[in-house]
Every structure is written in C-alpha cells, then in structure tokens.
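Undergrad:
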Amino acid sequence: MKWQQVYEENPPLDSDLDDAELDARLAETWRQPHGLIGWFMSTDHKEIGRRYIITAFCHLLLAGLLAMIIRLQLAFPGMHLLSPDLYNQIFTTHGTVMMFLFAVPMVEGMMVYLVPLMVGSRIIAFPRLNAFSYYMYLFGGLMVWIAFFINSGPDAGWFAYVPLSGPEFGAGKRSDIWAQMITFTEVAGLAVALEIIVTILKFRAPGMTLNRLPIFVWASLVTSLMIALSMPSIVTTSTFLILDRLVGTHFFNPAEGGDSLLWQHLFWYFAHPEVYIVFLPPVGLAAHVIETFCRRRVFGYPAVVLAIIGQGFLSFGLWVHHMYATGLPHLGNSFFEASSVSIAIPSGTIIFCWLATIATGRVKIGVPMLWIISFFVLFVLGGLTGVMVASVPFDLQATDTYAIVGHLHFVLVGGTVALLLAAAWFWFPKITGRMLDDRLGTVQWALFLIGALVAFSAMFALGLSGMTRRVYTYPQGIGWDTLNLIASLGAWSIGLSFLLMLLNIFRALSRPRGGASNPYNASGLEWMVASPPPVYNYLRIPVIDSRTPLWNQPDSIGAVVGLRVDEREVLVTSAITTMPHMRDHVVAPSLWPFINSVVFTIMLIGSIYTPKAMVWGAVPVAIALIGWLYPRRVLAPRPEEVPS
Amino acid sequence: MKRLACLTPLLLAACSRNPSAVLDAASPSARATGWLFWFFLAVNGVIWLLVLGFLFYFLWRRRERTLTAPLIQADAAVERKLITRVGLAIGATVIILTLFVGVSYAVDRQLLAFQRRPQLEIEVTAHQWWWEVRYLSDQPSDIFVTANEIHVPLNTRVKLKLQSTDVIHSLWFPNLSGKRDIIPGHDGEMVILADRAGVWKGRCGEFCGLQHTYMELRLVAEPKAQFQTWEAAQRLPAADPVTAEALRGQQVFNGGPCAACHAIRTTTTASYSTNAPDLTHLKSRTTIGAGAAPNTKGYLSGWINDPHAMKPGVHMPAIQQNSKDHQALLAYLEGLK
C-alpha cells in the first residue's frame, strides 16, 4: 500500500451539526471495537486508565494481604507461621509491589484517565503507546505474582542491594525476576510520562494557559518529567545487575574492581524521586477535592504550583540520606541533611495554603474531605518524623529500624494512599456513573485512620526499642511484644477498612448507572461531560477563560469548531498560550500494541533464563514493531484548513 | 519534656528498661543522640498539635451542612491577610528547620569529638550470620580471636575496624552508638565508648539474607580489672579435657566434621578459625548461633543435632552422631571455659 495523503472536498465538520447528531456521529467515529479481540485493541485513554487503576488496586489488595500476613507473623514473639525464606519473599514482594506495581501505576492510571479530560482533549497523545504501556505493566505484574506463588518471589528486599541480590548470594532466578520486573515497569512508566507531557503541552483546550492549568495537571507534568529524568538511573543499574547475574560482568563485584556502593547511589537516585512521583499527583488530586468541598479556589495557586515544582526539583538532591551509614564523608552527609530538611518548606507551603483555604471556605465535610483530614493527621506526622530522620546523628540510630518503617508508612499511607482514597471517592461517580455509600465510607475512614495512627506510631516506638527491619521473628521479653501486637492490631484495622471499601464498591456497581455529570458542583472541565464520559470526551472542544471554568462560566463555555466528525481528529494548541495550531489525525484502535507487548514479554522473560533470548527474541519484536509502524493511508487536513 | 512524651505511644519505648533501646543510653554519644531525639520530639509534637488544632478549629468554624454556591471572587482584604499569615507560617518553618539543621550539626560534631584517640582496637568481621572478633595488638602474641561477643573496658574509646567477607552488614549497638554499614570492598570503622557497665546487645542492621534476624553481637562493658582478667583468659589455649568422656569428645571433634570449620586451640601457636566461630573458649560466651539460643548444654546438644531447627538457613550442617559420641562431644565442649 502506498502512503498517500487524501484530501477530501467538504468533509463533515462539527460546526455543521446539532448536539444530538454530533453525539451520534462522534460516537460512531471514536467507537472502540467490541468483543474479546476488541478488548485488546482499545486505545481509549479512559478504558486504559480504568484498567491501570483496577490492576493497581488489585496489586494494592494482594500486597496488603501480604502485609497482614507479616503482621500476623510478628504479632507474637517466636511465631513459626512463616519460614525465614518465605518471610523474606513476602516482605520483598510487599515492598516491591506496593512501590512499583501499585503506587506508580496507580498515579499513572489517574493521569491517563483524568489529564486528557481535564485539559479538554478528545484523547491522550500516542494512544497506542498508552495501550502498549498498560499491557507491559500487566505482564510485569503477573510475572512477579506467578513467580511468588511458585516460590520464586524476589527475596533481597525491594531495594535489592548487591551483593545479596548479585550472582554469588542471590540464589535461583528470584533477583532476575525482580530486575526484569523493573524493566517492565520502567517501559510502562516512561511511555506514560511521555504521553502525559505531550498531552499537557500540546492538547490543552484554547484558553487553558499555564496559569489556568488545574493543579493536578501541573502535578502530572512535574511528575512525568521526574519519571523521565529519574528512571534512566534505575534502567542503568538494573541492567548492570542483570548483566552481572546473566553474563558474568563485574559491575558490583569489588574483587574485580566493581563497587557495590554504586548500586545504592543509582538505586536511590531513582527511588527517592519515586517517593515524590507517587506523592505529587495525589497532592494535585487533593487540591481539587479541597477546592470543591471548601467552595472556593485553593488559596495561593502560584505558591502551591511552585511548591510542587520545588518538590520535584529538590527530590533529586537528597538521595544520600538513605546512605548516611555507608561511611560517606561527614560534610557530604551534612549537606544532604540540609537538602533533605529543605523539602519540608514546599511541603509546609502546600499544607498552609490548604489550611488557609479551609479557614476561608464554606466546608462541607463529605467523605473525600474526611480523607483529607486523615492526610493532615498522618502525613504531617510523616513529615515531622522525616525531618527527624533527616538528621545524621538521629538517623544513624533510626535507619534500618522500625522507626523508618513507621516513618515511611506515615508518609506513603498518610500522603499517597489517603489522598488517592480521597480522589477515588471524589472521581468514582465520574468514572462509573454511580455514587459510593457515605456511611460505609465513614466507617472505613475511621478504621483506616485509627489503624494507621496506632500501627505506625507503634512501629516508630519499636524502632526506638531497637527492633531492626526485616527480622522474621523476635524472642520474648526484650520489650518488643506489646508494641508488635499493637502494630498488628492497627494494621489489621487498615485491612478491615479495605474490605469495607470493596463491599462499598461492589454495592455501588450493582446499582444502575445514572449519576449526574457534576454531583459535587465542582469547577473542573471534566465535570462538564456525562458520567461516565462519552468515548470522544467533549462534543466540542471547550474554550476557557478562567482557572475554574464551571464556576466562572457555567453557561457560557465557548467551543472551537472545525474538527472533522468522520475522522478521529484532535485540536493541537501551542504549549504556552494554547493558540490552536493544527488538527491532528489520531490513530485507530489496533491489536499491534498488544501483540508487541506479548513479544516483548517473551523476549524479556526469556532473557531471565538465557542471554540468547535477546537475540532470537528480537526477531518477533522486529516483526511486530514493523507491523505496528507500517505506513497507512492517512486522511490529513489540507494545509489551508488549519485554523490559525 | 518527658511528661509530654508520655502522652504518645513512644512512651512505651522510652520508659521500658530495654537492654537494646535507643533511649537507654550507655555512652556519651548515645546520650547526645537521645537528647537530640527528645528535642525533635518536643518541637515536632507542638507543631503537630498546632497544625491539627488549626485544622479542626477551621473545619468547625467554617462547617456547612451542604455544598453551598461556590465563592468565585474572594475578598481581596481577606486574601491579603491570608498571604501575610501563610507567609509567616512558611517563615517560621524555615527558621525551625534551620534550627534543626544547626542543632543536629552540633550534635554530629560532638559525636565526632567522642571518637578521637581510640585506646583499643578490635577488628570485627561480619559473616553470614555471625561476627568474628579479633583483638589487635602490637604484640603478635597478644592478638586473640573470639566470636559474637565483645568485652570492652568501661570509659575506654574502642575502635572497631569493620569488614565483611560476603554481603553488606551493618553493626548497631542501640544503647551505644548509631549504625555503620559494613560493605564488602569498603572497610569501615566505628568508635564506641561505654560508660555504663552491662551487657549491651548489638545487631546486624542491614538485611543480609536468611538469618539477618539472628546475627547478634553482644558487648560486655566491664571495669578495667575485670576486662583484663577476661582478656588474659581468652589468650590462653583451650582447657584440656579432664574426664575420659571429654577426652573422647576431643577425638570426636578433631576426627569428625566439626574441625572442618571450627577450631579449638590447644596450643598457643595454633591458629584460629575464620570460616566459623572459634570455639576455644566457647563456654565463656552467653549465646550460641549469634543470639539464636542461650549457651546451655541442652541447647548446645540441640544445636549440634539440628542447627536449622533453631536458626533455619544457618551454614552449619546438621551433624549425625551416635549418642555416645554426641555426649562425649558435649562433655568436651562444656569444658571450654
């Protein structure tokens, strides 16, 4: 087939049709294929985003279940429920899955679902890449769990320090599976980061200049740039590990001139920004919840945005605080102490701006707002304990003890998870068209908040009692019994709260659809469209003139017209001023992303067992890539049709 | 300050007389770090209560039953007031954080000062999952080796020269000092100065594999005279077996699998074992298996028969012996004071 551009005379445009007909035509044009095969072809960002969210939620539940088992083993001294080998696999899988397969993909899923809607676009940029990234994530996650259930779960900690994870001490294929899981998630993560950056910079509705960008979109932009800048570090180091294990290189072997400390630098250079990668998008989401439930714009928009950018920037300069005990020069440690502590300034700025918003708003304490309260209670504790463990002398006592376990759970559960739950409650009606039950939600919130406060405080205290991390049991009578039981009771309370959430979700989904498009009278563009949104998102591309369009201009949201209705077209605007630049053709749904993810998966999993898999595996990958990128007939606009 | 802490669960840690608690200091540096903790806790506790106090006060004062109409145009005077107040709060944050960094830096310098001019040097080698301890001296005949237990004289700065032969470990005496990672290829050191007599438990801090849990290094801080007695005893070769059974036990030890890894020095020139704990003065130590069990005859018997029951994954294999040999071996080992 010869590549050609076809110009048509008088193509049907959205300006020519009334709402009902436009809806019918767009629904037909943007239709996603049905059926089993159609399911694997979907390129709709809402469908892919939903799959990301559901898959990440499943990972959360499974890894949470592992946490419950860990707390059972540690609830009493001298328990023999788990062997040390199984215990090591369980805590490693818990940490690995929570960080790489729950937290990061969950924020990616929220970005994939919400960002195109929030910026007023019909679709995400590079929709096939988006579908591909999801299947890579899905297969990487499946690989880890299958390995876990056949007793090959990773067992060297989620940080996989060499030499313990290296060829000499990491037995079997466990660490290879861990390292290859990194490959899967980094492919998915980099792809999503790219799509989000381009979507935000080029697909914004006219009028949505940078100072009108919703805060979540700002957070998504910063996060995506952070993913793009930090992931190369873990790409490098996990490749070194795979090479050491698979083909006998000596990157980390001191006997041959390698250095095991290199792993720690490269790992934490990624893994510290990662904490902010999973924290900033929830902060952005929470800003919208607070705005809606306080009935006023978030106070200090420029300050909050600058704080988010500042956190993104600073988070690259403090990885060494994970390594105080490795014997780096004292002056270096002190420098990183100061830089670690300084990140509390933007964090504090966000918290003070939110307090100011609450102080001058008219607050309806709905369930999403309850989750914001739990953020304040838990995350502020996480931040304050964080300032403590940033101090070199105190950290040398606290590091690698349960004090850190308590601190990091305050931050991640109180920051990321609590805010994601606020967001889940807030956008559930938009995504599903149904409401969750408030009373069940309140009980769930109380169980969660009390459980988290009790469990993580007890863990912090255990650290001060000398309990080191990653111990599978402890003897009776050394002062750890009571606190461990308290920590376990708190953890089980969190577990119970998630059972209630599941119940709530199933009850909501069993009711018929029929939610209002804007049940909370919120201000963002995404509340303009039906719940759940139609496949094409917006009937006409909106034009906005404020930061809170549905509040400022509820009945007068303008529209850009001139897009074709018989072709998938999106409006591309300039990055800063959002002037319409061109109409861009969007690729059709396709099976190629799925086929590509399958052949990539075969190559990557094969390479765990033999380096030759990279050679023969490259053949189907090449064929699949050619199939994906094979040039096709494109209906392109005439140059003179480009709106200016 | 301590009463404030009693309001929190942290009290449970602070008040219990725990032999491995961070806040039960037995050295000047742990005391300084403990002080730093209480300082942080007091300031941070106040900040936490203030933030939550403001939050709940505002929520209560501004509460509404329903979602009201949104406030589109904020009152400029109110916003200006907010800018001042938020600005002040951020300013206060900067000041407090600067104070924290300053205080922490001062304590860090103080800890360094405690480490000057060490008076005794001990080489500690971390193995999966036990500690080899070598007391260094200018006199080669004064050097001796033991395992999983360190004795130090009180009020003496002791330099521990740290090295690892396998994976990354980390040495931590909660009552005495912070952790120091022991990274293969990077020899490290830490200086400890115990000023309270007692048995202080040290642990491996960095996850190091199957038996990271039982990798204990006990530190006995004792008055100088007592230490010197212990030191002199450790330098001696092993006690000769006195009974016929113990003599047979010695043959079992030397002829069987034990001697493949462990050593029991019977002469002053014999060498120490470095692949497994040296057993020359086994019964002078309080635990077996680096903290896995108390060092009693019963546990020792169980340990030899099946060490994996007490410490799953330990590198020592289960030893198959007939009961006569086993009893004889025990009799011999029990005599190694």
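Heads up: the protein sequence lines correspond to chains G and P, in order. If you read the first sequence in the numbering used here, its first letter stands for residue 93, the second for the next number, and so on. If you read the second sequence in the numbering used here, its first letter stands for residue 7, the second for the next number, and so on. Every residue gets a Cβ at the ideal spot worked out from N, C-alpha and C, and that includes glycine. This structure is a prediction, so every number in the text was calculated from the model and none was measured.
Tell me the rounded alpha-carbon separation between G:G507 and P:H321.
TA: Within the first sequence, numbered from 1, the residue matching residue 507 of chain G stands at position 415. Within the second sequence, numbered from 1, the residue matching residue 321 of chain P stands at position 315. Spanning the two alpha carbons is a distance of roughly 42 angstroms.
Undergrad: When you compare each of G:P374, G:I442 and G:V381 to G:A395 by their alpha carbons, which one comes out closest?
TA: For this step, residue 395 of chain G is matched to residue 303 along the first sequence. Nearest C-alpha to G:A395: G:I442.
Undergrad: Using beta-carbon positions only, say whether G:L158 and G:H186 come within less than 8 angstroms of one another.
TA: For the purposes of this step, residue 158 of chain G is taken as the residue at position 66 of the first sequence. For the purposes of this step, residue 186 of chain G is taken as the residue at position 94 of the first sequence. Their beta carbons are under 8 angstroms apart, which means G:L158 touches G:H186 by this criterion.
Undergrad: Short of 7 angstroms in beta carbon distance, which residues of its chain neighbour G:M210, apart from the five on each side in sequence? Order them along the chain.
TA: On the first sequence, residue 210 of chain G is found 118 positions in, with the first residue counted as 1. Counting only Cβ-Cβ distances below 7 angstroms, and skipping sequence neighbours, we find P306, F308, V309, G616, L617 and E618.
Undergrad: Output the boundary residues of the beta strand (DSSP E) element that contains P:H157.
TA: Within the second sequence, the letter at position 151 stands for residue 157 of chain P. First-last of the beta strand (DSSP E) with P:H157: E155 to P159.
Undergrad: Using only the alpha-carbon positions, how far apart do G:T135 and G:G719 sit?
TA: Taking the first sequence and counting its residues from 1, one reaches residue 135 of chain G at position 43. Taking the first sequence and counting its residues from 1, one reaches residue 719 of chain G at position 627. Between G:T135 and G:G719, the C-alpha separation is close to 17 angstroms.
Undergrad: Would you kindly check if the distance between the Cβ of P:A266 and the Cβ of P:K343 is under 8 angstroms?
TA: By 1-based counting over the second sequence, the position of residue 343 of chain P is 337. By 1-based counting over the second sequence, the position of residue 266 of chain P is 260. No, they are not a contact pair.
Undergrad: By the three-class DSSP mapping on this structure, what secondary structure does P:T280 have?
TA: Looking up residue 280 of chain P in the second sequence gives position 274. Coil, per DSSP.
Undergrad: Quick check: P:L177 and P:L168, are their CB atoms within less than 8 angstroms of each other?
TA: Looking up residue 177 of chain P in the second sequence gives position 171. Looking up residue 168 of chain P in the second sequence gives position 162. Yes, these two residues count as a Cβ contact at 8 angstroms.
Undergrad: By the three-class DSSP mapping on this structure, what secondary structure does G:V283 have?
TA: For the purposes of this step, residue 283 of chain G is taken as the residue at position 191 of the first sequence. Correcting the residue identity first, residue 283 of chain G is Ala in this sequence and not Val. In the structure shown, G:A283 sits in a helix (DSSP, three-state: H, G or I).
Undergrad: Compare the C-beta of P:A153 with all C-beta atoms of chain G and state if any pair is closer than 8 angstroms.
TA: The residue given as residue 153 of chain P occupies position 147 in the second sequence. Output row for P:A153: interface = no.
Undergrad: Please classify G:S352: does DSSP put it in a helix, a strand, or coil?
TA: To locate residue 352 of chain G, count along the first sequence from 1; it is residue 260. Three-state result, G:S352: helix.
Undergrad: Considering just the uninterrupted stretch of the alpha helix (DSSP H) at G:W643, what are its terminal residues?
TA: Residue numbering aside, residue 643 of chain G sits at position 551 when the first sequence is read from its first letter. Note, G:W643: alpha helix (DSSP H), P641 to N644.
Undergrad: Should P:R9 go down as buried or exposed, given a rule of 16 or more other Cβ atoms within 10 Å for buried?
TA: By 1-based counting over the second sequence, the position of residue 9 of chain P is 3. Note that P:R9 has pLDDT 42, beneath the 50 cutoff, so the model's placement of it is unreliable and no number is given.
Undergrad: Where do the N-terminal and C-terminal ends of the beta strand (DSSP E) with G:L302 fall, by residue?
TA: The count along the first sequence starts at 1 and reaches residue 302 of chain G at position 210. Run containing G:L302: none; DSSP gives neither H nor E here.
Undergrad: Here's the rule I'm using: 16 or more other beta-carbon atoms within 10 Å means buried, otherwise exposed. How should G:F241 be labelled?
TA: Mapped onto the first sequence, residue 241 of chain G falls at position 149. Looking at its Cβ environment, which holds fewer than 16 other Cβ atoms inside 10 Å, G:F241 is exposed.
Undergrad: Label P:C12 either buried or exposed according to how many other C-beta atoms from any shown protein chain fall within 10 Å of its C-beta, with 16 as the threshold for buried.
TA: By one-based count along the second sequence, residue 12 of chain P stands at place 6. In this predicted model, P:C12 has a pLDDT of only 40, less than 50, meaning its place in the structure is not dependable; the value taken from the coordinates is given anyway. It counts as exposed.
Undergrad: Leaving out five residues before and five after P:R186 in sequence, what residues of the same chain have Cβ atoms less than 7 angstroms from its Cβ?
TA: As a working note, residue 186 of chain P is residue 180 in the second sequence. For P:R186, where only same-chain residues beyond five positions count, the Cβ hits under 7 angstroms are L168, S176, L177, G194 and M196.
Undergrad: Could you give the C-beta distance for P:P318 and G:R388, rounded to a whole number, given that I count them as a contact under 8 angstroms?
TA: Here the question's residue 318 of chain P lines up with position 312 in the second sequence. Here the question's residue 388 of chain G lines up with position 296 in the first sequence. No, P:P318 and G:R388 are not in contact; Cβ-Cβ is about 60 angstroms, not under 8 angstroms.
Undergrad: Determine the DSSP secondary structure at P:E222, reduced to helix, strand or coil.
TA: As a working mapping, residue 222 of chain P is identified with position 216 in the second sequence. P:E222: strand per DSSP, three-state reduction.
Undergrad: With a threshold of 8 angstroms between beta carbons, is G:S580 in contact with chain P?
TA: Along the first sequence, read from residue 1 onward, the residue named residue 580 of chain G stands at position 488. No, G:S580 lies away from the interface with chain P (no Cβ there is under 8 angstroms from its Cβ).
Undergrad: Helix or strand or just coil, what does DSSP make of P:I270?
TA: Here the question's residue 270 of chain P lines up with position 264 in the second sequence. Correct three-state label for P:I270: coil.
Undergrad: Go ahead and pull the three-state DSSP assignment for P:L29.
TA: Translated into the one-based positions of the second sequence, residue 29 of chain P becomes position 23. P:L29 falls in the coil class under three-state DSSP.
Undergrad: Assign G:E278 to one of two classes, buried (16 or more other C-beta atoms within 10 Å of its C-beta) or exposed (fewer than that).
TA: By 1-based counting over the first sequence, the position of residue 278 of chain G is 186. G:E278 comes out buried.
Undergrad: According to DSSP, is G:G506 helix, strand or coil?
TA: Start at 1 with the first residue of the first sequence, and residue 506 of chain G comes out as number 414. Reduced to three states, the DSSP call for G:G506 is helix.
Undergrad: Quick one, which of P:T280, P:V130 and P:F233 has its alpha-carbon nearest P:L223's?
TA: The sequence position of residue 223 of chain P within the second sequence is 217, counting from 1. Taking only the C-alpha atoms, the option nearest P:L223 is P:V130.
Undergrad: Tell whether a beta-carbon distance below 8 angstroms holds between G:L470 and G:A538.
TA: In the first sequence, residue 470 of chain G corresponds to position 378, counting from 1. In the first sequence, residue 538 of chain G corresponds to position 446, counting from 1. No. Outside cutoff.
Undergrad: In this structure, does DSSP put P:W309 in helix, strand or coil?
TA: In the second sequence, residue 309 of chain P corresponds to position 303, counting from 1. In this structure, P:W309 counts as helix in the three-state DSSP scheme.
Undergrad: So G:V433 and G:G424 are in contact, right, with Cβ under 8 angstroms, and what is the actual spacing, rounded?
TA: In the first sequence, the residue the question calls residue 433 of chain G occupies position 341. In the first sequence, the residue the question calls residue 424 of chain G occupies position 332. That belief does not hold up - the Cβ atoms of G:V433 and G:G424 are roughly 15 angstroms apart, past 8 angstroms.
Undergrad: Here's the rule I'm using: 16 or more other beta-carbon atoms within 10 Å means buried, otherwise exposed. How should G:P365 be labelled?
TA: Counted from its first residue, the first sequence places residue 365 of chain G at position 273. Flag for G:P365 reads buried.
Undergrad: Helix, strand or coil: which one does DSSP assign to G:Y179?
TA: Here residue 179 of chain G corresponds to residue number 87 of the first sequence, with the count starting at 1. It is helical.
Undergrad: Would you kindly work out how many angstroms separate the C-alpha atoms of G:R639 and G:D487, rounded to a whole number?
TA: Working through the first sequence from its first residue, we reach residue 639 of chain G at position 547. Working through the first sequence from its first residue, we reach residue 487 of chain G at position 395. Near 43 angstroms, if we compare the C-alpha coordinates of G:D487 and G:R639.
Undergrad: Taking the alpha-carbon positions, what's the P:A20 to G:A430 distance?
TA: Here residue 20 of chain P corresponds to residue number 14 of the second sequence, with the count starting at 1. Here residue 430 of chain G corresponds to residue number 338 of the first sequence, with the count starting at 1. Caution is warranted here: a pLDDT of 43 is assigned to P:A20, below 50, making its placement in the model unreliable, and no coordinate value can be reported.
Undergrad: If you measure beta-carbon to beta-carbon, which residues of the segment 631–647 of chain G are closer than 8 angstroms to chain P?
TA: If the cut-off is 8 angstroms between Cβ atoms, the segment 631–647 of chain G has T640, W643 and N644 near chain P.
Undergrad: Please tell me whether G:P169 has its Cβ less than 8 angstroms away from any Cβ of chain P.
TA: The sequence position of residue 169 of chain G within the first sequence is 77, counting from 1. Taking Cβ atoms only, chain P never reaches closer than 8 angstroms to G:P169, which makes this a no.
Undergrad: Using only the alpha-carbon positions, how far apart do G:M198 and G:V370 sit?
TA: Mapped onto the first sequence, residue 198 of chain G falls at position 106. Mapped onto the first sequence, residue 370 of chain G falls at position 278. Approximately 8 angstroms between the Cα atoms of the pair.
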